[in-house]
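In full-length UniProt numbering, the protein residues as written are 1 to 360. Here's the structure we're looking at; comments come further down.
If you want it as structure tokens, here you go:
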């Protein structure tokens, strides 16, 4: 009996010793990758591709790995990105294609369209410009900006002038930009960059039929640059394309089918913004008429919040209406209301002109 008790005690000591030398104890699980979808209906038979064409990585002056840029884009609802690290002015100094090559596998895995590009970086003027859809970024390594732009055009690049208001006292269209524009080497302007937008650049786009672009130009993580607790999405360019392929996006950019979308503001050509609004908003027939009032349901199938203010006050009609994304609201209007026009306050068709719609 005494021997049996000793054996039992020894076994207990072994179990206790094993517990004391346990290597680790798991306290939680890794967070799964979750994509926040941004729902926008097709516009005039075109898909709405959510894009960011300007960002940096550890391969130039950013602090994020190229493949992490892809992960961010996927999680934040984008469909296509271009990684545009600054291009060296010294030929052969480094491989300018490495960011694209390092991010490609992750992009293919997640279904993100990755566009090869780089940022041609010179003092003003002409300043900084992205060359998108090129075959070999290394061929743009030169201190001669005219040679770099010419090579970009030779490779079929879409060339956008980046942040025209950055680092200058006054935003200005220079003679160098006229030279590039006349040679077909300036195709669009980044009218929103990181945290700011450039009203004067918006007017240049409309006057010269240049494509409107909105980008983040992020050098750090998106989560550090933007407070997603107070904003619904990162800044982006909405591209109306036949599909989410590089060729289709390129065609749409050259055709000017874009809408800049930053914070809660959309800027674009009137026809495109009107189509976007009409594709998103459905207004039902009055479901109740009572006491000289009509009750109308307004539904928004997109994730975009639309803010409206009445053009001319009309008896019984609300002065302001908010139509939240992915929601329906009931609006009470006067029973005689007809042809009531509203301004869509967050849809701009010039730097100071709002889209006008007839709501009721």
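The beta carbon of each residue, even a glycine, is placed where N, CA and C say it ideally should be.
Thinking C-alpha only, which one of the options is nearest residue i?
i           : options               : result
residue 334 : 294, 91 and 305       : 294
residue 289 : 259, 311 and 336      : 336
residue 341 : 349, 318 and 351      : 318
residue 389 : 200, 24, 123 and 250  : Given a span of 1 to 360 for the chain in the structure shown, any question on residue 389 remains unanswerable.
residue 109 : 33, 39, 44 and 41     : 33
residue 163 : 126, 140, 306 and 30  : 126
residue 215 : 353, 206, 223 and 190 : 190
residue 221 : 62, 263, 330 and 78   : 62
residue 320 : 344, 328, 116 and 132 : 344
residue 225 : 56, 24, 37 and 41     : 56
residue 210 : 355, 346, 260 and 248 : 260
residue 263 : 303, 255, 291 and 274 : 303
residue 171 : 227, 74, 124 and 245  : 124
residue 286 : 245, 179 and 332      : 332
So the alpha helix (DSSP H) residue i belongs to, where does it begin and stop?
i           : result
residue 177 : 175–182
residue 338 : Residue 338 -> no alpha helix (DSSP H), and no H or E assigned at all.
residue 309 : Run containing residue 309: none in the alpha helix (DSSP H); it sits in the beta strand (DSSP E), 306–310.
residue 110 : 98–110
residue 125 : From DSSP, residue 125 is part of no alpha helix (DSSP H); its letter is neither H nor E.
residue 277 : 270–280
In this structure, how does DSSP classify residue i when only helix, strand and coil are distinguished?
i           : result
residue 208 : helix
residue 346 : strand
residue 65  : coil
residue 152 : helix
residue 202 : helix
residue 166 : coil
residue 52  : strand
residue 116 : strand
residue 223 : helix
residue 290 : strand
residue 407 : Residue 407 falls outside the range modelled here, since the chain spans only 1 to 360, and no answer is possible.
residue 249 : helix
residue 285 : coil
residue 331 : strand
residue 355 : strand
residue 360 : coil
residue 2   : Only weak support is given to the placement of residue 2: the predicted model assigns it a pLDDT of 49, under 50, and the value that follows is read from those uncertain coordinates. In the structure shown, residue 2 sits in a helix (DSSP, three-state: H, G or I).
Return the first residue and the last residue of the beta strand (DSSP E) that residue i is part of.
i           : result
residue 238 : 236–241
residue 83  : 80–83
residue 191 : 188–193
Compute every distance between the C-beta of residue i and the non-hydrogen atoms of the ligand NAP, then say whether any falls below 8 Å.
i           : result
residue 325 : The ligand NAP is not part of the structure shown, which contains no ligands of any sort.
Open item on the list: Between the stretch 277–286 and the stretch 294–302, can you find at least three pairs of beta-carbon atoms closer than 8 Å?
Closed with: Counting Cβ pairs under 8 Å, three or more are found: they touch.
Task: Any 3 or more C-beta pairs closer than 8 Å across the stretch 38–54 and the stretch 232–249 - done: yes
TODO: Determine contact between the stretch 85–92 and the stretch 238–250, defined as no fewer than three beta-carbon pairs at a distance below 8 Å.
DONE: no
TODO: Count the CB pairs spanning the stretch 36–49 and the stretch 60–70 that are closer than 8 Å, and state whether there are at least three.
DONE: no
Open item on the list: Pairs of beta-carbons, one from the stretch 161–176 and one from the stretch 185–201, closer than 8 Å: are there three or more?
Closed with: The stretch 161–176 and the stretch 185–201 touch, with no fewer than 3 CB-CB distances between them shorter than 8 Å.
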